[in-house]
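Have a look at the structure below before the remarks.
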Amino acid sequence: MPELPEVETIRRGLEKYLPGRRIAQVEVRLPKLLRNCDPQTLNEDLQGKEFLQVRRVGKILILDCEDWSLLVRLGMTGQLTFRDLHLPDQNSFTTHAITGLQRAQGQFSPDKHTHIIIRCQDETEVLYRDIRQFGKWYLYSTQDLPQAPELQALGPDPFQPSYTLAYLSAQLAKSRRPIKVVLMDQGVVCGLGNIYADEALFIAAIAPQRAANSLNSEEVGRLYQAILQVLRQGIANRGTTFSDYRDADGLRGGNAHYLQVYGRAGQPCYRCGAILQKMTLGGRTTAWCPHCQH
DNA sequence: CCTTATGCCTGAATGC
DNA sequence: TGCATTCAGGCATAAG
692 MPELPEVETI RRGLEKYLPG RRIAQVEVRL PKLLRNCDPQ TLNEDLQGKE FLQVRRVGKI
752 LILDCEDWSL LVRLGMTGQL TFRDLHLPDQ NSFTTHAITG LQRAQGQFSP DKHTHIIIRC
812 QDETEVLYRD IRQFGKWYLY STQDLPQAPE LQALGPDPFQ PSYTLAYLSA QLAKSRRPIK
872 VVLMDQGVVC GLGNIYADEA LFIAAIAPQR AANSLNSEEV GRLYQAILQV LRQGIANRGT
932 TFSDYRDADG LRGGNAHYLQ VYGRAGQPCY RCGAILQKMT LGGRTTAWCP HCQH
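When the letters of the first sequence are read in order and numbered with the numbering used here, they come out as residues 692 to 985.
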């Protein structure tokens with residue numbers, strides 16, 4: 692489940708490779724992933740265009756090209772990897788053991804889950820692989836991009852100046868919803884998903900079911916900082932891989948080892964030893980420590 | 001305003 | 001290397 696740290700790690704990887712490369716062809720094998728255009732239009736509009744830069748807002752990736760931008764939501768299992776066809780194909784052996792090992796080490800080859808291929812003119816390509824097909828792609832002209840509904844709907848990204856303590860405090864004061872649910876609302880703050888919301892609440896020592904407007908200013912202050920802390924740590928560790936997440940080079944992230952509560956219900960709290968509990972909030976499994984979080 | 005349910009999907013894990 | 005069920009969840013949408 693790529694959240695902000697995972698998407699940022701992919702962004703940094705693609706930023707190494709894409710700027711300056713020119714698109715030769717875009718092959719879309721699963722047209723339903725394109726939410727505002729069809730495969731033919733996409734290919735015609737992007738053919739011959741150069742990649743300019745790769746940006747990120749919350750969990751959304753933006754591939755800026757000449758005249759156009761591709762807006763990509765990775766959903767649950769989306770993977771964007773870069774591949775240089777001049778290098779030996781590390782997946783040329785196809786036994787399961789070898790495939791699994793080499794996937795863990797690097798490049799993908801297209802398989803039945805590879806739904807979009809952006810081929811560049813210099814024999815390199817970007818592969819989009821998405822097992823559960825929850826991802827969504829949008830094409831916008833450079834002019835229309837800032838008004839894209841997918842961007843307009845987002846609250847501040849925690850690494851943008853508009854994410855301030857005053858803003859978060861005001862947003863939380865407006866809602867009686869559980870704080871965990873509010874943190875995952877992309878219209879309040881964008882980039883947090885199930886993993887980092889649980890982690891931030893643990894760091895801030897706040898119980899996830901608390902009404903957002905019940906937090907006092909001290910708690911909001913802790914939460915404001917905890918959000919930045921868990922996201923920075925996630926980025927520093929190149930994202931959290933449980934199963935599907937990979938970076939632009941096909942590599943796993945290293946942050947799973949550092950998680951305090953996510954996925955640990957039933958196990959002892961690292962801080963106090965109490966058994967971590969599980970509950971459902973906003974339809975999502977939530978893990979928390981009833982002794983440390985109040 | 002709010003919450004809950006549903007659909008979209010596949011693969012891993014579980015139960016028999 | 002069986003077969004059916006459950007679970008995982010980001011997000012849009014509908015219903016209560």
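Here a beta-carbon is modelled for each residue, glycine too, at the ideal position from N, C-alpha and C. As the structure is a computational prediction, the values presented were derived from the model and not from experiment.
Check: Whole-Å CB distance - V911 paired with L859, under 8 Å assumed; Outcome: 6 Å
Check: Reduced DSSP category for P840 - H, G, I as helix; E, B as strand; rest coil; Outcome: helix
Check: Whether Y708 touches L771 by CB criterion (8 Å); Outcome: no
Check: Nearest neighbour of A857, chosen from V880, G884, R868 [CA to CA]; Outcome: V880
Check: Integer-rounded CB distance, given that P710 should sit under 8 Å from Q744; Outcome: 6 Å
Check: Residue burial classification, I894 (beta-carbon count within 10 angstroms, cutoff 16); Outcome: buried
Check: Length of the line joining the Cα atoms of F742 and D775; Outcome: 16 Å
Check: DSSP state of G791 mapped onto helix, strand, coil; Outcome: Its pLDDT being 42, under 50, G791 is placed unreliably in this model, and the coordinates cannot settle the point.
Check: Buried versus exposed call for R937 [16 or more other C-beta atoms within 10 Å across all chains shown]; Outcome: buried
Check: Alpha-carbon spacing of A888 relative to Q916, whole angstroms; Outcome: 13 Å
Check: In DSSP terms, what R713 is bridged to; Outcome: E741
Check: Alpha-carbon to alpha-carbon, K871 and R943; Outcome: 27 Å
Check: Identified DSSP bridge partners for T805; Outcome: R820
Check: Residue closest to R962, alpha-carbon to alpha-carbon, out of L950, V817, K740, Y829; Outcome: L950
Check: Boundaries of the alpha helix (DSSP H) in which R1001 is found, first to last residue; Outcome: One cannot answer for residue 1001 here, as it falls past the ends of the chain, which runs 692 to 985.
Check: CA-to-CA distance, H806 to G766, given in whole angstroms; Outcome: 14 Å
Check: Range of the contiguous beta strand (DSSP E) that encloses I977; Outcome: Just to set this straight, residue 977 is Thr in the shown sequence, not Ile. Here the beta strand (DSSP E) through T977 covers 975-979.
Check: Extent of the continuous beta strand (DSSP E) run through V880; Outcome: Element bounds for V880: n/a, residue is neither H nor E.
Check: Beta-carbon contacts of D848 that lie in its chain and below 7 Å, excluding the five residues immediately before and after; Outcome: V748, G749, Y854, C881, G882
Check: Alpha-carbon spacing of E718 relative to L754, whole angstroms; Outcome: 16 Å
Check: Outcome for P869 when other beta-carbon atoms lying within 10 angstroms are tallied against a minimum of 16; Outcome: buried
Check: CB-CB length for I808 against E814, believed under 8 Å; Outcome: Not a contact, Cβ separation roughly 13 Å.
Check: Environment of R955 [buried if 16+ CB atoms lie within 10 Å]; Outcome: buried
Check: Cutoff 8 Å; reference A978; Cβ partners in own chain excluding five residues on either side; Outcome: D889, V952, Y953, G954, R955, A956, L967, Q968, K969
Check: Selected residue, minimal CA-CA separation from D876, among R823, Q924, R975, C811; Outcome: R975
Check: Short Cβ contact (8 Å threshold) for F799 with G704; Outcome: no
Check: Sequence-distant residues of its chain with Cβ nearer than 6 Å to A902 (five each side left out); Outcome: R867
Check: I918 and A891 closer than 8 Å at C-beta; Outcome: yes
Check: R823, buried or exposed, once every other Cβ within 10 Å from all chains shown has been counted against 16; Outcome: exposed
Check: Host alpha helix (DSSP H) of V872 (start-end); Outcome: 870-874
Check: Opposing strand residues paired with F773 [DSSP bridges]; Outcome: V817
Check: Close-in-space but distant-in-sequence residues of the same chain around T768 (CB under 6 Å, 5 per side omitted); Outcome: D821, I822, R823, D935
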